[in-house]
Amino acid sequence: DAGITQSPRHKVTETGTPVTLRCHQTENHRYMYWYRQDPGHGLRLIHYSYGVKDTDKGEVSDGYSVSRSKTEDFLLTLESATSSQTSVYFCAISALDGGTEAFFGQGTRLTVV
Amino acid sequence: AQSVTQLGSHVSVSEGALVLLRCNYSSSVPPYLFWYVQYPNQGLQLLLKYTSAATLVKGINGFEAEFKKSETSFHLTKPSAHMSDAAEYFCAVSVKPAGRRALTFGSGTRLQVQP
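Right, dumping it as structure tokens:
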């Protein structure tokens, strides 16, 4: 298995609070991605990174920000959590561009109450 | 922009029967195509990928998929379903040259295998 660790694995938070999810990799892959998974929508891209301090928005980036200060860590922040951000969040990594053969973490289940 | 359509959000087959999960893609440039599987409470695992070599791609667990450019399809098949195949399956597309792109996923198909 690819060395990807997401933390926390489960979190319940209140509306309006900031939340940070962490993705840590030990593969030294250049590309990292954050997706959210919701029933009927598959996985939708939130943000991605193609190198340290190089990030870009995905299709559902509103209300989210990211940071990548080291190759191995990619942080996703919900600036002020809303109930619509209740979801399962997946981090993925890829050695090649285009997400070619991306490897996924185990996911973080976030509930906003 | 690329997109993926998976026909059928739920598919039910009997154990030993043929599995056919449908995927159609839209892409203005040559695509990379993937099938991933997700078991309950787990992340996604790559089943197989098409990257412009052979059009018939064999993956893990006896699955295979055929790239048909004329039909813009990449359907996933397995000759004989096992109970352990029950999971959710996602088709995904990327493009060549990919640049700084990510995978685009379909909405998924949940496969149920009846004894």
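Residue numbers (the numbering used here), protein chains in the order written: chain A, 1 to 113; chain B, 1001 to 1115. We treat Cβ as the ideally placed atom computed from N, Cα and C, and that holds for glycine. Quantities reported herein were computed from a predicted structural model and do not represent experimental measurements.
Drop a sphere of 10 angstroms on the beta-carbon of residue i, count the other beta-carbons inside from all chains shown, and report buried for 16 or more, exposed for fewer.
i                       : result
residue 1085 of chain B : buried
residue 1039 of chain B : exposed
residue 1060 of chain B : exposed
residue 92 of chain A   : buried
residue 32 of chain A   : buried
residue 7 of chain A    : exposed
residue 108 of chain A  : buried
residue 1001 of chain B : exposed
residue 1003 of chain B : exposed
residue 36 of chain A   : buried
residue 1087 of chain B : buried
residue 1029 of chain B : exposed
residue 87 of chain A   : buried
residue 1018 of chain B : exposed
Need the endpoints of the beta strand (DSSP E) that residue i sits in, please.
i                       : result
residue 109 of chain A  : 108 to 112
residue 38 of chain A   : 31 to 38
residue 46 of chain A   : 42 to 51
residue 1045 of chain B : 1044 to 1050
residue 22 of chain A   : 19 to 25
residue 1082 of chain B : No beta strand (DSSP E) contains residue 1082 of chain B, which DSSP labels as neither H nor E.
residue 1007 of chain B : 1003 to 1007
residue 1067 of chain B : 1064 to 1068
residue 134 of chain A  : Nothing can be reported for residue 134 of chain A: it is not among the residues displayed for chain A, which extend from 1 to 113.
residue 68 of chain A   : 64 to 70
residue 92 of chain A   : 87 to 94
residue 1031 of chain B : 1031 to 1038
residue 13 of chain A   : 10 to 13
residue 5 of chain A    : 4 to 7
residue 1020 of chain B : 1019 to 1026
residue 1087 of chain B : 1087 to 1095
residue 1056 of chain B : 1056 to 1058
residue 1111 of chain B : 1109 to 1114
Which residues of chain A have a Cβ atom closer than 9 Å to the Cβ of residue i, listed in chain order?
i                       : result
residue 1008 of chain B : Ordered by position in chain A, no residue passes the 9 Å Cβ test against residue 1008 of chain B, which lies about 13 Å from the chain.
residue 1090 of chain B : 42, 43
Give the residues of chain A in contact with residue i, contact being defined as C-beta atoms less than 7 Å apart.
i                       : result
residue 1065 of chain B : By Cβ distance, chain A contributes nothing, its closest Cβ being about 15 Å from residue 1065 of chain B, past 7 Å.
Residue i: which of the options sits nearest, CA to CA?
i                       : options                        : result
residue 113 of chain A  : A:38, A:78, A:102, A:15        : A:15
residue 1008 of chain B : B:1113, B:1114, B:1108         : B:1108
residue 1056 of chain B : B:1113, B:1046, B:1077         : B:1077
residue 1052 of chain B : B:1112, B:1102, B:1094         : B:1094
residue 54 of chain A   : A:75, A:44, A:36               : A:75
residue 1067 of chain B : B:1080, B:1041, B:1050, B:1110 : B:1050
residue 1105 of chain B : B:1063, B:1083, B:1046         : B:1046
residue 1103 of chain B : A:17, A:42, A:81               : A:42
residue 1027 of chain B : B:1072, B:1088, B:1013         : B:1072
residue 49 of chain A   : A:83, A:80, A:71               : A:71
residue 110 of chain A  : A:61, A:62, A:45, A:90         : A:90
residue 1069 of chain B : B:1025, B:1092, B:1079, B:1112 : B:1025
residue 1110 of chain B : B:1065, B:1016, B:1021, B:1058 : B:1021
residue 4 of chain A    : A:18, A:26, A:13               : A:26
residue 20 of chain A   : A:60, A:85, A:59, A:57         : A:85
Could you tell me which chain B residues have their CB closer than 9 Å to the CB of residue i, listed as they occur along the chain?
i                      : result
residue 106 of chain A : 1041, 1042, 1043
residue 40 of chain A  : 1009, 1107, 1108
Please report whether the beta-carbon of residue i lies at a distance below 8 Å from any beta-carbon of chain D.
i                     : result
residue 89 of chain A : Absent from the structure: chain D. Protein chains present are A and B.
Original post:
Can you list, in chain order, the residues of the region 1038 to 1062 of chain B whose Cβ is nearer than 9 Å to any Cβ on chain A?
Top reply: 1038, 1041, 1042, 1043, 1044, 1045, 1046, 1049, 1051
Original post:
Between the region 58 to 91 of chain A and chain B, which residues of the former have a C-beta closer than 8 Å to a C-beta of the latter?
Top reply: 58, 90
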